[in-house]
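S.K.: Read top to bottom, the protein sequences are chains A and B. So the first sequence is residues 35 to 348, counted in this note's numbering. So the second sequence is residues 7 to 254, counted in this note's numbering. Pasting a structure here, questions to come.
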Amino acid sequence: MAVLVIADHDNATLKDNTHKVVTAAQAIGGDVDVLVAGTNVGPVAAEAAKIAGVRKVLTAESPELGQGLAEAVADLVVGLASGYDYILTPATSQGKNFSPRIAAKLDVAQISDVTEVVSGDTFTHPIYAGNAMETVQSADAKKVLTVRPTAFKAAGEGGSAKIESVSVPAAPAKTHFVDQKIVKSARPELGAAKIVVSGGRAMGSAEEFQKVIEPLADKLGAAVGASRAAVDAGYAPNDYQVGQTGKVVAPELYVAIGISGAIQHLAGMKDSKVIVAINKDPDAPIFQVADYGLVADYKAAVPELMDALTAAGK
Amino acid sequence: MKVLVPVKRVIDYNVKARVKPDQTGVDLANVKMSMNPFCEIAVEEAVRLKEKGAATEVVAVSIGPTQAQETLRTALAMGADRAILVQTDQDLEPLAVAKVLKAVIAEESPELVLMGKQAIDGDNNATGQMLAALLDWPQATFASAVEIAGSKAKVTREVDGGLQTIEVDLPAVVTADLRLNEPRYASLPNIMKAKKKPLDVKELGSLGVDTAPRLKVVKVTEPAKRQAGIKVETAADLVSNLKTAGVL
Ligand SMILES: Cc1cc2nc3c(=O)[nH]c(=O)nc-3n(C[C@H](O)[C@H](O)[C@H](O)COP(=O)(O)OP(=O)(O)OC[C@H]3O[C@@H](n4cnc5c(N)ncnc54)[C@H](O)[C@@H]3O)c2cc1C
Ligand SMILES: Cc1cc2nc3c(=O)[nH]c(=O)nc-3n(C[C@H](O)[C@H](O)[C@H](O)COP(=O)(O)OP(=O)(O)OC[C@H]3O[C@@H](n4cnc5c(N)ncnc54)[C@H](O)[C@@H]3O)c2cc1C
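Below, the structure written as structure tokens:
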């Protein structure tokens with residue numbers, strides 16, 4: 035039995051999501067291989083080879099793979115599929131883009147956002163914005179899964195898998211990359227950060243968001259998140275959105291400022307270890323999930339919190 | 007250009023889903039149902055393409071029970087020209103939905119399929135990608151901007167670190183993200199007009215598509231509940247609590 039894990043990376047560094055999906059693969063059992071598809075992936079493959087318990091690392095290189103075009107990734111993986119019983123991908127926006135295409139080409143179901151491996155054919159995943167957990171048993175010969183990284187611990191290092199390059203099918207003819215605007219940030223990545231500070235509609239403007247949320251995040255060494263309302267209003271970029279239809283995070287500490295706690299937002303952060311809410315409305319639903327709630331106007335509370343953190347040596 | 011818009015009837019997004027005590031699923035009896043919000047965005051975009059002159063006809067299609075006709079009427083009231091219901095009481099998996107849509111597309115030959123990126127019940131975020139795979143069409147998922155130029159669509163996509171723009175040859179499948187547009191409310195006159203627009207009903211069986219489930223539901227349970235915590239009085243209290251909790 036063999037499991038193929040499709041690595042999450044940006045053509046420069048390997049993302050921790052990969053280590054987490056390897057853990058899910060190990061829970062299934064069998065040989066675990068990691069596919070690194072992109073451009074100039076040598077350094078990324080070398081990192082993947084160090085993940086404990088990996089049998090081998092496959093590399094595939096082409097411009098279209100580097101651009102992450104779903105058609106290119108799907109054609110490549112479908113070509114490799116005969117050697118594997120399971121194909122696992124992190125449930126990032128990139129993974130969600132190509133994985134269903136692989137499943138359909140193989141004529142199998144995809145099980146989305148797996149949070150628990152119950153057995154080799156049975157998996158649990160959230161539905162209805164995480165208000166229900168569904169356990170399904172698959173009758174397909176091959177199983178294609180996207181895995182929610184926050185639900186698994188990262189596999190350790192210490193491996194020394196061999197690295198093999200594989201040939202790449204013809205480039206997709208009907209899809210063309212035009213450009214991309216990727217925001218580079220010195221802050222930790224939202225999905226992997228230990229602390230996340232998120233702002234909501236209460237911020238009222240992008241300037242206010244930057245003035246209130248970002249310094250607090252920097253003081254805590256945190257990533258910055260936002261509610262959909264804050265993103266829609268243009269206070270924060272789209273990839274900050276936490277929730278059912280944004281990113282799912284599960285940091286040690288999640289600080290929600292001026293966020294009401296709609297079910298769609300909770301779906302993205304309710305598995306955080308400790309939740310703090312600052313909201314002036316004592317009845318805001320966010321307080322039903324918060325470990326520590328501060329009923330206050332953020333305009334006064336955040337500066338006080340900054341001072342209290344300084345006093346505490348932060 | 008003909009645009010096909012698959013729309014799904016789902017639990018209204020304001021309603022909190024409740025798991026049935028016997029763990030067989032989610033209780034949908036007497037629950038308010040609406041058009042999936044992402045499908046509304048797709049309908050809106052298709053109608054705007056028609057208003058701009060880029061599209062000539064907008065056809066809404068739903069696969070579901072008789073009541074999905076209401077969802078299709080909503081799409082018609084928003085500006086779709088006609089609708090097709092593929093009627094079934096079965097709960098179809100995304101792969102089966104994609105196969106049924108493929109059969110509808112064989113009859114309709116649209117140049118563009120515009121659909122939601124995700125339905126808020128199953129949350130699978132899979133159907134559009136699967137449909138594109140089955141048709142061997144290009145896909146442009148999680149769209150926040152769509153521009154039609156000749157036989158191509160230029161699509162801006164919401165991706166992990168920001169935005170990506172790709173160009174796909176038509177015919178193609180595009181899936182809508184939240185920020186593509188803000189769907190209109192249907193006006194009363196348009197709701198009245200929608201009642202007279204054509205709505206075709208086909209039986210699922212008449213399409214000859216294999217929709218057998220690949221997955222068996224073992225159980226549906228409630229997620230682990232969080233305990234509400236405590237209210238703190240000051241920012242300083244908050245910091246000392248966080249220190250005690252070991253997260254600072
Ligand atoms: C299909 C669909 C998908 C969605 N997906 C997501 C998603 O992925 N993520 C997401 O976040 N949302 C999502 N939403 C939106 C969600 O339903 C809510 O509308 C959104 O989360 C609200 O954002 P908010 O809490 O910032 O704003 P609001 O609900 O307006 O809350 C603002 C809060 O700020 C408080 N406040 C105001 N002023 C102050 C002040 N001075 N000091 C302190 N507190 C103050 C108020 O008391 C209020 O509680 C989705 C909705 C739909 C329909
Ligand atoms: C075992 C099992 C049990 C289920 N139990 C339930 C249940 O108890 N209650 C329930 O409501 N559902 C149930 N379903 C259905 C399931 O939750 C999903 O609705 C179904 O698998 C489709 O996935 P999705 O809606 O998440 O697709 P997504 O891929 O998230 O949908 C994306 C887009 O595809 C299009 N689309 C999807 N479905 C349709 C459709 N029928 N017609 C037209 N367009 C469509 C829409 O444009 C939509 O925006 C069950 C499914 C299975 C396999």
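All C-beta atoms in this analysis are idealised placements derived from N, C-alpha and C, irrespective of residue type, glycine included.
(1) Give a yes or no on whether the minimum CB-CB distance between A:V283 and chain B is below 8 Å.
(2) If I follow the unbroken beta strand (DSSP E) through B:L254, where does it start and stop?
(3) Going along the stretch 166-191 of chain A in order, which residues come within less than 9 Å of chain B, judged by CB to CB distance?
(4) Confirm, please, whether the CB-CB distance from A:A71 to A:L48 is below 8 Å.
(5) Three or more C-beta pairs closer than 8 Å, one from the stretch 44-55 of chain B and one from the stretch 191-211 of chain A: is that the case here?
(6) Excluding sequence positions up to five away, which residues of its chain have a Cβ less than 6 Å from the Cβ of A:M303?
(7) What does the alpha-carbon distance come out to for the pair A:A58 and A:T52?
(8) Do A:N313 and ligand 1 come close, with the Cβ less than 7 Å from some heavy atom?
(9) Can A:P285 be considered in contact with ligand 1, in the sense that its beta carbon sits closer than 7 Å to one or more heavy atoms?
(10) If you follow the beta strand (DSSP E) that A:H210 is part of, which residue opens it and which one closes it?
(11) Which term fits B:P144, buried or exposed, when burial requires 16 or more other beta carbons within 10 angstroms of its beta carbon?
(12) Give a yes or no on contact between the stretch 203-211 of chain A and the stretch 174-184 of chain B, applying the rule of three or more CB pairs nearer than 8 Å.
(13) Measure the alpha-carbon distance for B:G128 versus A:A342 and round it to whole angstroms.
(14) Could you round the C-beta distance between B:L141 and B:K108 to whole angstroms and report it? I think they count as a contact, below 8 Å.
(15) Could you tell me the alpha carbon to alpha carbon distance between B:K201 and B:R79, rounded to whole angstroms?
(16) Find the residues of chain B that neighbour A:S210, judging by a C-beta separation of less than 8 Å, and give them in chain order.
(17) Between B:D142 and ligand 1, is the CB less than 7 Å from at least one heavy atom?
(18) If the cut-off is 9 Å on Cβ atoms, which residues from the stretch 126-140 of chain B count as contacting chain A, listed in chain order?
(19) Is the stretch 228-240 of chain A in contact with the stretch 200-214 of chain B, if contact means three or more CB pairs nearer than 8 Å?
(20) So with CB distances below 8 Å, who are the chain B contacts of A:A58?
(21) Taking A:V112 as the reference, give the member of A:F157, A:I62 and A:V202 with the closest Cα.
(22) Does B:L82 come within less than 8 Å of chain A when only Cβ atoms are used?
(23) Return the chain-ordered list of same chain residues with a C-beta closer than 7 Å to the C-beta of A:V151, the five sequence neighbours on each side being excluded.
(24) I'd like to confirm the pairing. Which residues does DSSP put opposite A:K170 in its beta bridges?
(25) With C-beta atoms as the reference, is A:S172 less than 8 Å away from A:D155?
(26) What beta strand (DSSP E) runs, 3 residues minimum, are completely inside the stretch 227-305 of chain A?
(27) At the level of alpha carbons, what is the spacing between B:L120 and B:T240?
(28) Could you check what DSSP says for A:I40 in three-state terms: helix, strand or coil?
(29) Can you say whether B:E99 is buried or exposed, counting buried as having 16 or more other CB atoms within 10 angstroms of its CB?
(30) Measuring only the C-alpha atoms, how far is A:A270 from A:A311?
(31) Nearest CA to the CA of A:N45: which residue from A:N272, A:V75, A:A175 and A:A94?
(32) In chain order, what residues of the stretch 318-331 of chain A put their CB closer than 7 Å to some CB of chain B?
(33) To the nearest whole angstrom, what separates the beta carbons of B:D183 and B:A149, a pair I think is in contact under 8 Å?
(34) Can you tell me whether A:N313 is helix, strand or coil according to DSSP?
(35) Figure out for me which residue from B:D243, B:V253, B:V238 and B:K249 has the closest Cα to the Cα of A:P316.
M.R.: Taking the structure as given:
(1) Answer no: the Cβ-Cβ gap between A:V283 and chain B never drops below 8 Å.
(2) Looking at the DSSP string, B:L254 is not in any beta strand (DSSP E), and its letter there is neither H nor E.
(3) So the close ones are A166, M167, E168, T169, V170, Q171, S172, A173, D174 and T180.
(4) It is not a contact, given that the beta carbons lie outside the stated cut-off.
(5) The stretch 44-55 of chain B, when compared against the stretch 191-211 of chain A, does not touch it at the 8 Å Cβ threshold.
(6) The residues are V276, V283 and Y288.
(7) Approximately 10 Å between the Cα atoms of the pair.
(8) Yes, the beta carbon of A:N313 sits closer than 7 Å to at least one heavy atom of ligand 1.
(9) At a cut-off of 7 Å, the beta-carbon of A:P285 does not count as near ligand 1: no heavy atom of the ligand is closer than that.
(10) Boundaries of the beta strand (DSSP E) harbouring A:H210: T209 to I216, taken from the DSSP string.
(11) Residue environment analysis places B:P144 among the buried positions, since at least 16 neighbouring C-beta atoms fall within 10 angstroms of its C-beta.
(12) Taking 8 Å as the limit for Cβ pairs, the verdict is that the stretch 174-184 of chain B does touch the stretch 203-211 of chain A.
(13) Spanning the two alpha carbons is a distance of roughly 43 Å.
(14) B:L141 to B:K108, Cβ: 6 Å. Contact.
(15) When rounded, the distance between both Cα atoms is 7 Å.
(16) Note on residue identity: the sequence assigns His, not Ser, to residue 210 of chain A. Correct list: I172, E173 and V174.
(17) Shortest gap from the CB of B:D142 to any heavy atom of ligand 1: 7 Å or more.
(18) Only I126, D127, G128, D129, N130, N131, A132, T133, G134, Q135, M136, L137, A138, A139 and L140 from the stretch 126-140 of chain B bring a Cβ to less than 9 Å from some Cβ of chain A.
(19) Flag = no, the stretch 228-240 of chain A and the stretch 200-214 of chain B do not touch.
(20) At a C-beta separation below 8 Å, A:A58 has no neighbours in chain B, since its nearest C-beta there lies roughly 18 Å away.
(21) Just measuring C-alpha positions, the residue of A:F157, A:I62 and A:V202 sitting nearest A:V112 is A:V202.
(22) No, because no Cβ of chain A sits closer than 8 Å to the Cβ of B:L82.
(23) If you ignore the 5 residues before and after A:V151, its C-beta comes within less than 7 Å of the C-beta of A58, A61, I62 and F157, all in its own chain and listed in chain order.
(24) In the sequence under discussion, the amino acid at residue 170 of chain A is Val, which differs from the Lys named in the question. A:V170 pairs with A:F157 and B:V223.
(25) Cβ distance < 8 Å, so A:S172 and A:D155 count as in contact.
(26) Taking only runs of at least 3 residues, the beta strand (DSSP E) segments lying wholly in the stretch 227-305 of chain A are 229-233, 257-260 and 287-291.
(27) Our two residues, B:L120 and B:T240, have alpha carbons roughly 50 Å apart in a direct line.
(28) Strand, per DSSP.
(29) Using a 10 angstroms sphere on the CB of B:E99, the tally of other CB atoms reaches 16 or more, which defines it as buried.
(30) Near 19 Å, if we compare the C-alpha coordinates of A:A311 and A:A270.
(31) Selected option, being the one with the closest Cα: A:V75.
(32) Listed in sequence order: F321, Q322, V323, A324, D325, Y326, G327, L328 and V329.
(33) Yes, B:D183 and B:A149 are in contact; Cβ-Cβ is about 6 Å, under 8 Å.
(34) Here A:N313 sits in strand by DSSP.
(35) Nearest of B:D243, B:V253, B:V238 and B:K249 to A:P316, Cα basis: B:V238.
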